[in-house]
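Remarks on the structure that follows.
Residue numbers (my numbering): 13 to 292.
Structure, rendered in structure tokens:
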């Protein structure tokens, strides 16, 4: 009974730990009107004050589409902050809220054309701003584009390995704890629980085995030890007095028996005498 109860507790704890540490893959597909642009996304944990969960970057293809893949532990409510750059300058930035990790996510950013003078306006989240840049030197642009290409590979898959985010990009300010650590911690906790349960159950089985041994010894009439005989002066004296009292009782009983027998004989003789007297 004890083992079954602890086994159920151990299984429940193990299932809870597995559910909490399973890393789920999330694929984000972003459709834009900005082909061949550099895109950076930051995955934010909404439940922990927008803590960075992943920081990824890649280039859009000729149709303006880019895909990101990342893994985080369990399903979470997340937001994704997106920045689109061209030649190092921010073209558009936008934040997407009410998202859940572990499921395919499709996002879309459309170009909003605004005629304005070139300025160094700082982009604000949840707004779409188009900065018109002067591209006067085509060869220079191609060189910068080539440099960007050497740093970024499309269709990147971000995976955890040895406590770092590997793939097309990594961010020193966004540190992720690898799933292996969670598994190790879970295994240690499970071993501790098992050891604790076995130690708690050991006295129970020891007590049960003692009861069984005692009952078998009583049933077989074997294995029972006679209580040690205690001999001292007081005990010997008490035993002697008991024997003397028993002897006295026996003598009294014998005397009473003789008296009763004598009375019976006397009564018989008296009856015989009376009978003889009546006959004469």
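We put the CB at the ideal spot given by N, CA and C, even for glycine.
Per-residue DSSP class, three states only, for residue 63: Residue mapping note: residue 63 aligns to position 51 of the chain shown, counting from 1. Three-state DSSP puts residue 63 in a strand.
Let's see if you can read the secondary structure: which residues bound the beta strand (DSSP E) around residue 110? Translated into positions along the chain shown, residue 110 becomes position 98. Note, residue 110: beta strand (DSSP E), 101-112.
CB residue 49 to CB residue 85, shorter than 9 Å? Within the chain shown, residue 49 is the residue found at index 37, counting from 1. Within the chain shown, residue 85 is the residue found at index 73, counting from 1. No, these two residues do not count as a Cβ contact at 9 Å.
Residues near residue 278 in its chain [Cβ-Cβ closer than 6 Å; skip 5 each side]: Here residue 278 is taken as the residue at index 266 of the chain shown, counted from 1. For residue 278, where only same-chain residues beyond five positions count, there are no Cβ hits under 6 Å.
Can you round the beta-carbon distance between residue 92 and residue 104 to whole angstroms, since I take them to be within the 8 Å contact cut? The residue you call residue 92 lines up with position 80 of the chain shown. The residue you call residue 104 lines up with position 92 of the chain shown. So it is not a contact: roughly 14 Å between Cβ atoms.
Sort 193, 46 and 288 by Cα distance to residue 74 and report the nearest one. To locate residue 74, count along the chain shown from 1; it is residue 62. It is 46 whose Cα lies nearest to the Cα of residue 74.
Quick check on residue 123: does DSSP put it in helix, strand or coil? Here residue 123 refers to the residue found at position 111 when the chain shown is read from its first residue. Coil.
Burial state of residue 276 (16 or more Cβ within 10 Å): Working through the chain shown from its first residue, we reach residue 276 at position 264. With fewer than 16 other Cβ atoms within 10 Å, it is exposed.
Bridge partners - residue 97, DSSP secondary structure assignment: Taking the first residue of the chain shown as 1, we reach residue 97 at position 85. Paired residue(s): 50 and 102.
Taking 9 Å as the threshold (C-beta atoms), are residue 41 and residue 79 in contact? Here residue 79 refers to the residue found at position 67 of the chain shown. Here residue 41 refers to the residue found at position 29 of the chain shown. In this structure, residue 41 lies closer than 9 Å to residue 79 by Cβ.
Are the CB atoms of residue 117 and residue 38 nearer to each other than 9 Å? Translated into the one-based positions of the chain shown, residue 117 becomes position 105. Translated into the one-based positions of the chain shown, residue 38 becomes position 26. Yes, these two residues count as a Cβ contact at 9 Å.
Looking at the unbroken beta strand (DSSP E) that takes in residue 85, where does it start and where does it end? Indexing the chain shown from 1 puts residue 85 at position 73. Segment 77-85, the beta strand (DSSP E) holding residue 85.
Cutoff 9 Å: residue 40 Cβ touching any chain D Cβ: Among the chains in the structure shown there is no chain D, since it carries only a single protein chain.
Hey, would you say residue 100 sits closer than 9 Å to residue 36, going by beta carbons? The count along the chain shown starts at 1 and reaches residue 100 at position 88. The count along the chain shown starts at 1 and reaches residue 36 at position 24. Contact: no.
Under 8 Å Cβ to Cβ from residue 58, same chain only, skipping five residues before and after it: list those, please. Working through the chain shown from its first residue, we reach residue 58 at position 46. Closer than 8 Å at the Cβ level, and outside the excluded window around residue 58, lie 88, 89, 90, 91 and 109.
Limits of the unbroken alpha helix (DSSP H) element including residue 249: Taking the chain shown and counting its residues from 1, the one referred to as residue 249 is at position 237. Note, residue 249: alpha helix (DSSP H), 245-291.
Would you tell me roughly how many angstroms separate the C-alpha atoms of residue 266 and residue 273, rounded to the nearest one? In the chain shown, residue 266 corresponds to position 254, counting from 1. In the chain shown, residue 273 corresponds to position 261, counting from 1. So the two alpha carbons sit approximately 10 Å from each other.
Spatial neighbours of residue 63 in its chain, beta-carbon cut-off 8 Å, leaving aside the 5 residues before and after: Counting from 1 along the chain shown, the entry for residue 63 is found at position 51. Contacts found: 56 and 57.
Taking residue 41 as part of the beta strand (DSSP E), name the residues at either end of that continuous run. Translated into positions along the chain shown, residue 41 becomes position 29. Per DSSP, residue 41 belongs to the beta strand (DSSP E) from 35-44.
What residues in its chain sit with their C-beta under 6 Å from that of residue 208, if we drop five residues either side in the sequence? The residue given as residue 208 occupies position 196 in the chain shown. Counting only Cβ-Cβ distances below 6 Å, and skipping sequence neighbours, we find nothing.
In angstroms, rounded to a whole number, what distance separates the CA positions of residue 3 and residue 196? Past the boundaries of the shown model lies residue 3; the chain is included only from 13 to 292, so the question cannot be answered.
If you draw a straight line from the C-alpha of residue 261 to the C-alpha of residue 268, how long is it? Taking the first residue of the chain shown as position 1, residue 261 is located at position 249. Taking the first residue of the chain shown as position 1, residue 268 is located at position 256. Spanning the two alpha carbons is a distance of roughly 10 Å.
If you draw a straight line from the alpha carbon of residue 255 to that of residue 271, how long is it in whole angstroms? Taking the first residue of the chain shown as 1, we reach residue 255 at position 243. Taking the first residue of the chain shown as 1, we reach residue 271 at position 259. About 24 Å.
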